[in-house]
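For what it's worth, the working numbering labels the leading residue of the sequence shown as 29, then goes sequentially.
A virtual CB, placed ideally from N, CA and C, is assigned to each residue, including glycine.
Note that this is a predicted model, so its numbers are computed, not measured.
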Amino acid sequence: MSEVKNILLVGVGGQGTILASKILTSGLMEAGYDVKMSEIHGMSQRGGSVSTQVRYGEKVLSPIVGMGSADVIVAFETMEALRWLPYLKKGGSIVVNDFVINPAPVNQGQAEYPEGIIDDLAAKVKVVSLKAGDMAAELGNPKAMNVVLLGALVKAIGTLDDVDWMKHIEKNVKPKFVELNKKAFQAGYDFK
Numbered sequence: 029m030s031e032v033k034n035i036l037l038v039g040v041g042g043q044g045t046i047l048a049s050k051i052l053t054s055g056l057m058e059a060g061y062d063v064k065m066s067e068i069h070g071m072s073q074r075g076g077s078v079s080t081q082v083r084y085g086e087k088v089l090s091p092i093v094g095m096g097s098a099d100v101i102v103a104f105e106t107m108e109a110l111r112w113l114p115y116l117k118k119g120g121s122i123v124v125n126d127f128v129i130n131p132a133p134v135n136q137g138q139a140e141y142p143e144g145i146i147d148d149l150a151a152k153v154k155v156v157s158l159k160a161g162d163m164a165a166e167l168g169n170p171k172a173m174n175v176v177l178l179g180a181l182v183k184a185i186g187t188l189d190d191v192d193w194m195k196h197i198e199k200n201v202k203p204k205f206v207e208l209n210k211k212a213f214q215a216g217y218d219f220k
């Protein structure tokens with residue numbers, strides 16, 4: 029594979045975007061890819077935007093995903109999909125968690141959360157929309173939604189099935205949460 033692939037994982041502080049990116053990066057490296065990852069935490073401590081950029085291929089020179097160059101965007105929160113849409117390349121796809129976290133202006137009554145975001149996105153680009161938090165809650169812990177989304181991402185990419193993702197979950201997740209996260213990954217991967 030000489031072409032570099034670009035993935036953006038975007039969400040709100042506390043949603044687990046960085047853990048999902050670490051599992052993804054670990055698996056890609058074992059698969060033999062050159063991988064670069066960059067994290068931007070922003071005001072994550074206050075519910076602000078968090079993004080992780082993962083680039084992989086035969087030779088990757090920079091960790092930065094430019095505007096219009098992401099092959100896949102994984103949005104852990106609905107509005108983040110809309111916010112990061114300009115980074116998606118033509119023909120790219122979005123895996124979006126159908127989940128709302130009101131930003132401060134909405135909570136303060138200064139703005140309204142836009143309605144119909146997923147439908148608007150689906151009219152423009154290929155969208156895989158799932159309620160990852162609900163899926164994770166059914167498995168025992170809604171916080172595992174990040175790994176549900178990781179499973180959906182791996183399925184959407186379609187070329188990473190040879191990676192032992194369960195091993196990388198074991199390497200990156202606290203032991204008491206490993207089994208839950210394995211189930212979460214599988215649920216995301218199996219989502220139709």
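Query raised in the report: How would you label S90, buried or exposed, when you count the other beta carbons within 10 angstroms and need 16 or more for buried?
Result: Within the sequence shown, the letter at position 62 stands for residue 90. The Cβ neighbour count for S90, taken over all protein chains shown within 10 Å, is under 16; the residue is labelled exposed.
Query raised in the report: Where does the unbroken beta strand (DSSP E) through G119 begin, and where does it stop?
Result: Working through the sequence shown from its first residue, we reach residue 119 at position 91. Going by DSSP, G119 is part of the beta strand (DSSP E) stretching over L116 to N125.
Query raised in the report: By Cβ distance, which residues of its chain are closer than 6 angstroms to V63, with the 5 residues on each side in sequence left out?
Result: As a first step, residue 63 must be located in the sequence shown, where it is residue number 35. Excluding residues within five positions, the ones whose Cβ falls inside 6 angstroms are T53, L56, M57 and Y84.
Requested in this report: Starting from the C-beta of D218, find all residues in its chain whose C-beta is less than 6 angstroms away, skip the five residues before and the five after it, and write them out in chain order.
Outcome: Start at 1 with the first residue of the sequence shown, and residue 218 comes out as number 190. Residues of the same chain with a CB within less than 6 angstroms of the CB of D218, apart from the 5 flanking positions on each side, do not exist.
Report task. Report the residue from G216, I101 and L116 whose alpha carbon sits nearest the alpha carbon of K183. Result -> As a working mapping, residue 183 is identified with position 155 in the sequence shown. Nearest option by C-alpha distance: G216.
Requested in this report: Classify T187 as buried or exposed, calling it buried when 16 or more other Cβ atoms lie within 10 Å of its own Cβ.
Outcome: Within the sequence shown, residue 187 is the residue found at index 159, counting from 1. With a threshold of 16 other beta carbon atoms within 10 Å, T187 falls short and is exposed.
**Report entry** Euclidean distance between Cα positions of S121 and Y115
**Finding:** Walking along the sequence shown from the start, residue 121 turns up at place 93. Walking along the sequence shown from the start, residue 115 turns up at place 87. If I take the Cα positions, the gap works out to 11 angstroms.
Report task. Specify the secondary structure class of T222 as computed by DSSP and reduced to three states. Result -> Because residue 222 is not part of the residues shown, which for the chain are 29 to 220, the question remains open.
Query raised in the report: Looking at C-beta atoms only, is the number of pairs between the stretch 200-212 and the stretch 164-171 that lie closer than 8 angstroms three or more?
Result: Result yes; three or more Cβ-Cβ pairs closer than 8 angstroms.
**Report entry** Boundaries (first-last residue) of the alpha helix (DSSP H) holding M57
**Finding:** Taking the sequence shown and counting its residues from 1, the one referred to as residue 57 is at position 29. Its alpha helix (DSSP H) spans residues T45 to E58.
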